[in-house]
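Presented below is the structure to which this report refers.
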Amino acid sequence: MGKRLLVLIFLLLPGISAQALTIASWNTKHLGWGTKRDWSATAAVVAPYDFVALQEVMSGAAVKRLVQALEQQTGADWSSLVSETSVGRSKRYQEFYAFIWREEVVDYVGGAVVYLDPGDLFAREPFAARFQTDNGQYRWTAATVHVIYGDSRDERRREARQLDDYVNWLEEEVAEGDPVILTGDFNLPPESAGFRDLARVLKPAIREGASTLSAKEGRYANLYDNIWYRPDALKIQETRIDRFPQRLGISHNLARKTVSDHAPVVIALGEPVSPQEELEGIQATSSPDRKSMLEIICVHPDAPGNDNNNLAGEWIKIKNFGPRRLDLTGWIVADEAGHEIALEGSLNSGQTLRVNSTALGRPIWNNSGDTAILHNPQSTVVSTLHYPGGRICEDR
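If you count by this note's numbering, then the sequence shown holds residues 551 to 946, one letter each, in order.
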């Protein structure tokens, strides 16, 4: 694969500015297994992009070989970061994750971590690390996941429902204020009910089309791959599914055998969102049901044992969805009966606050059903959560 193909790589990717940062996510289909892999074609898929998250990586050696192929093909220096441990519940089948990037564009900042997953909620625990552009224009926390395929969509949805808590953990423990970009093969389309809670925090970049290669020539079957991001923090210039068989001039059959049965999904970032745009864009880019930067995200009404003797065992959790730290002075949490808890202190962007009944000195949340109500300092109701039916906080 020589100069002619390299020219095609870029000629067939119109519309993306040379100044835009391009981020892709790609399931590489067992990168490093077997002898049929076309490494030149695999490198040609990655070559147009500045930063790529990879799933279904079978070894660190495979990533090194891909970097070598990229450097030979592009003449540029590339770096990579492979998850320290493999993931997967079966001892006979394990995968790694990897990030790969152009050194002249992207720098690794730190914080590489495979999620510890204390509840064993993920079949393949997500991997994350922090990056920035070489010119300092963008900083982000890249995370990637390969959601279980399992025996049914219900199994996939159950795992997808944990991604909201995972992103919340990233924002509290890893991101240090940088926006989270969650990439991966989710084995579900973005409109799935499994993403209901995640969609209150992040938005899917790809909403139409399909990213898995059908065995039928020219057809794509499912939109399982995606990039979820915070629209109040990142300005997306363009999104696309890279239908690489057409770009490289190979058949679906050959692509599936020697490269991958997934097409990369791609975002191009324009100029960073300014602070004023962040403030003005909160309502416009948030989900339709978001009424405030501060929201109730779950309630835990039933304390272990006797509620009166365990006031710390019942609580609600609120989250700051806004772009910066929020002063909580004047904010009130109340129940249907009018019991009120005044919030204090401040809450960083993306962080959550657990408010238990100790502050009131008595249990207030009815175990059988109630409504948690959040008032802003102007006494306006900005968020409510009714249960049963609303989200219940987990015991962890």
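Even glycine gets a Cβ: it sits at the ideal position worked out from N, Cα and C.
Please look up how many angstroms separate the CB atoms of residue i and residue j, rounded, as I've assumed it's under 8 Å.
i, j, result
"Gly660", "Thr694", "No, Gly660 and Thr694 are not in contact; Cβ-Cβ is about 17 Å, not under 8 Å."
"Ala574", "Pro814", "4 Å"
"Thr902", "Asn718", "6 Å"
"Gly920", "Pro851", "Before going on, a small fix: residue 920 reads as Asp here, not Gly. Yes, Asp920 and Pro851 are in contact; Cβ-Cβ is about 7 Å, under 8 Å."
"Pro546", "Gly880", "The requested residue 546 does not occur in the structure, where the chain is confined to residues 551 to 946."
"Thr934", "Ile923", "5 Å"
"Tyr665", "Tyr699", "Between Tyr699 and Tyr665 the Cβ distance is about 19 Å, and since that is not below 8 Å, they are no contact."
"Glu767", "Ser801", "6 Å"
"Ala626", "Glu654", "6 Å"
Would you mind stating whether residue i and residue j have Cβ atoms separated by less than 7 Å?
i, j, result
"Arg652", "Asp714", "no"
"Arg707", "Gly744", "yes"
"Phe681", "Tyr658", "yes"
"Ile891", "Leu910", "yes"
"Glu621", "Asn577", "no"
"Val849", "Tyr937", "yes"
"Ala603", "Phe649", "yes"
"Ala679", "Val697", "no"
"Ser896", "Arg875", "yes"
"Lys867", "Arg904", "yes"
"Ile817", "Ile786", "yes"
"Ile791", "Gly759", "yes"
"Trp778", "Leu819", "no"
"Arg674", "Glu645", "yes"
"Thr572", "Val809", "no"
"Pro740", "Pro729", "no"
"Tyr647", "Ser633", "yes"
"Asn512", "Trp865", "Outside the displayed span of the chain (551 to 946) sits residue 512, for which this structure offers no information."
Between which two residues does the alpha helix (DSSP H) harbouring residue i extend?
i, result
"Gln622", "Gly610 to Thr624"
"Thr789", "No alpha helix (DSSP H) holds Thr789; the beta strand (DSSP E) holding it covers Ile786 to Ile791."
"Asn718", "Leu713 to Glu723"
"Trp589", "Trp589 to Val596"
"Thr808", "His802 to Thr808"
"Gln796", "Phe794 to Leu798"
Roughly how many angstroms lie between the CA atoms of residue i and residue j, to the nearest whole one?
i, j, result
"Leu556", "Val932", "Below a pLDDT of 50, predicted positions are generally treated as unreliable, and Leu556, at 46, falls in that range; no measurement from the model is reported."
"Ala887", "Phe672", "39 Å"
"Ile846", "Trp690", "26 Å"
"His925", "Asp885", "11 Å"
"Met608", "Ala594", "20 Å"
"Gln833", "Pro873", "Bear in mind that the predicted position of Gln833 carries a pLDDT of just 35, short of 50, making it too unreliable to give a figure here."
"Gly900", "Asn737", "26 Å"
"Thr835", "Arg746", "Bear in mind that the predicted position of Thr835 carries a pLDDT of just 34, short of 50, making it unreliable; the figure below should be weighed with that in mind. Rounded to the nearest angstrom, the two C-alpha atoms are 16 Å apart."
"Asp811", "Thr762", "6 Å"
"Ala765", "Leu773", "15 Å"
"Val663", "Val637", "12 Å"
"Phe871", "Trp583", "42 Å"
"Gln796", "Val596", "15 Å"
"Gly686", "Glu821", "12 Å"
"Asn898", "Thr624", "42 Å"
"Asp684", "Ala725", "18 Å"
"Leu829", "Glu722", "Residue confidence for Leu829 is low, a pLDDT of 42 falling below 50, so the modelled location carries little weight and cannot support an answer."
"Ile882", "Leu893", "6 Å"
"Lys869", "Ser590", "46 Å"
"Arg793", "Tyr688", "27 Å"
"Pro668", "Leu748", "20 Å"
"Val656", "Glu944", "38 Å"
"Pro838", "Asp704", "Unreliable positioning characterises Pro838 in this predicted model, as indicated by a pLDDT of 32, which lies under 50. The coordinate reading is nonetheless provided below. About 26 Å."
"His580", "Arg642", "14 Å"
"Ser493", "Gln712", "In this structure the chain extends from 551 to 946, so residue 493 is not present and cannot be described."
"Asp670", "Asn776", "23 Å"
Please indicate yes or no: does the CB of residue i lie closer than 6 Å to some heavy atom of the ligand ADP?
i, result
"Glu944", "Only the bare structure without any ligand can be found here, which leaves the ligand ADP out of the picture."
Tell me the residue span of the beta strand (DSSP E) that contains residue i.
i, result
"Ala922", "Asp920 to His925"
"Thr694", "Arg689 to His696"
"Ala576", "Residue identity check: residue 576 is Trp in the sequence provided, not Ala. Its beta strand (DSSP E) spans residues Leu571 to Leu581."
"Asp704", "Careful: Asp704 lies outside any beta strand (DSSP E), inside the alpha helix (DSSP H) at Arg703 to Ala710."
"Ile817", "Val815 to Leu819"
"Asp657", "Val656 to Val664"
"Phe601", "Phe601 to Val607"
"Gln682", "Phe677 to Thr683"
"Arg642", "From DSSP, Arg642 is part of no beta strand (DSSP E); its letter is neither H nor E."
"Trp628", "Trp628 to Val632"
"Trp865", "Trp865 to Asn870"
"Glu890", "Glu890 to Ala892"
"Ser933", "Val931 to Tyr937"
"Glu944", "Per DSSP, Glu944 belongs to no beta strand (DSSP E) and is neither H nor E."
"Asn916", "It is not in any beta strand (DSSP E) - Asn916 carries neither H nor E in the DSSP assignment."
"Asn906", "Thr902 to Asn906"
"Ala884", "Ile882 to Ala884"
"Leu844", "Leu844 to His850"
Subject >> 3 or more residues per run - each beta strand (DSSP E) lying fully within the segment 730-784 >> reply: 730-735 and 775-779
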